[in-house]
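A short write-up of the structure that comes next.
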Amino acid sequence: EITVSAKKEVTKDDTIDRGTVTNITSYTEICEVLQNNRKMIKNVVYGFEDHVGKLFKNYRIYINYADSVDLRLKALLLHKRIIFYNQDPEHQSESPMFFPLSVYLGEIRKRDLKLSRKIVSEITVPIMYKAKIVFGLVQINAEYPLTMNNVGIIKKIAAELEKKIRFLPLPFEDKTNMQVIEINFDEIHMEFRDRKLLRHFPIGGVVFFKLRNKEEEIGQFSAIVKTRNNYGGKTTVSCLFEEKDALSEINLETHLEKISRKKAKQ
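First residue of the sequence shown: 179, per our numbering; consecutive thereafter.
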């Protein structure tokens with residue numbers, strides 16, 4: 179249970195250490211790294227395409243390089259869920275793990291002119307860096323109703339592909355730590371001096387990072403960039419936390435309660 183006190187905003191006070199952000203990775207950086215190492219990535223994807231092609235006739239594996247845009251990927255950046263659609267209502271599912279059906283029918287499927295009219299079903303699973311940042315997808319379509327068993331197969335393929343790409347020797351940047359100046363259960367505000375880091379914080383972009391308090395790791399989080407400002411040689415960014423894993427959520431609650439107690443003593 180998340181206490182009310184932990185959800186209250188902790189106002190800025192320079193005498194209280196609110197933690198440090200480390201190991202930050204952004205959607206922007208991931209796409210650029212994939213683009214700069216496109217040949218290496220494609221070699222990995224080809225192997226998976228061969229595997230998926232033996233299982234399903236209509237398939238697509240899409241990786242988002244820095245110069246590419248895809249309708250489904252843009253939608254999955256906002257809704258990190260699985261697209262699972264069957265034309266037959268008997269095989270339809272409204273589970274919260276799936277992409278909103280109204281969005282799929284209204285914004286995606288009607289524009290998909292490449293599929294045969296005989297296609298009646300689709301499963302599209304996002305490929306997510308460390309299960310946090312979408313950078314690609316695995317899509318299958320069929321002329322028959324697809325099942326939850328098929329969903330499991332595609333989820334496994336997407337996870338294996340992400341792992342294979344993540345363990346390639348890709349040159350991610352070395353980044354300096356960022357000081358947390360304000361934090362609550364929903365938002366985090368950071369400050370840094372190196373303006374080059376701003377490229378990782380486009381408004382609406384997704385960032386992935388570790389939050390530490392001195393030597394203690396609080397957890398790994400992803401967040402959406404809300405605002406950014408520059409003044410007096412310092413840059414601040416504010417981000418909205420995305421859904422947290424259970425352990426990180428508990429640790430964050432404990433961290434916020436410690437800050438609240440320190441503030442109450444002042």
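C-beta: ideal position from N, C-alpha, C; glycine also. Please read these numbers as outputs of a predicted model, since none were measured by experiment.
query: Three-state secondary structure (DSSP) of leucine 233; result: helix
query: Beta-carbon separation (whole angstroms), arginine 196 vs isoleucine 437, contact threshold 8 Å; result: 6 Å
query: Glycine 314 versus Ser280, Lys258, Asp266 and Leu324, residue with shortest Cα-Cα distance; result: Lys258
query: Rounded C-alpha distance that separates asparagine 328 from asparagine 429; result: 36 Å
query: DSSP state of serine 426 mapped onto helix, strand, coil; result: helix
query: C-beta contact flag for isoleucine 343 and isoleucine 260 at 8 Å; result: no
query: Opening and closing residue of the alpha helix (DSSP H) in which leucine 249 lies; result: 249-256
query: Nearest-angstrom Cα separation, counted from tyrosine 322 out to leucine 279; result: 18 Å
query: Cβ-Cβ distance between leucine 389 and isoleucine 402 below 8 Å; result: no
query: Cβ-Cβ distance between threonine 206 and asparagine 355 below 8 Å; result: no
query: DSSP-derived helix/strand/coil call for glutamine 213; result: helix
query: Whole-number beta carbon distance between arginine 250 and glutamine 317, since they are thought to touch under 8 Å; result: 7 Å
query: Residue interval of the beta strand (DSSP E) (run including glycine 314); result: 311-320
query: Beta-bridge partners of serine 446, as assigned by DSSP; result: Outside the modelled stretch of the chain, which goes from 179 to 444, sits residue 446, for which no answer is possible.
query: Test item: CB-CB of glutamate 365 and serine 416 under 8 Å; result: yes
query: Cα-Cα separation between alanine 337 and alanine 442, rounded to whole angstroms; result: 45 Å
query: Cβ neighbour criterion (16 or more within 10 Å) applied to serine 204; result: buried
query: Beta-bridge pairing of methionine 306 - partner residues as DSSP gives them; result: Val312
query: Distance between leucine 346 and asparagine 236 (C-alpha atoms, nearest Å); result: 28 Å
query: C-beta atoms of proline 304 and valine 312 nearer than 8 Å; result: yes
query: Three-way DSSP call (helix, strand, coil) for lysine 292 in this model; result: coil
query: Per-residue DSSP class, three states only, for lysine 441; result: helix
query: Alpha-carbon spacing of leucine 176 relative to asparagine 264, whole angstroms; result: Any answer about residue 176 is impossible in this case: the structure gives the chain only from 179 up to 444.
query: Any C-beta of chain B under 8 Å from that of histidine 367; result: Among the protein chains of the structure shown there is no chain B, as only one such chain exists.
query: Reference lysine 296; option with closest CA among Lys310, Asp266 and Tyr307; result: Asp266
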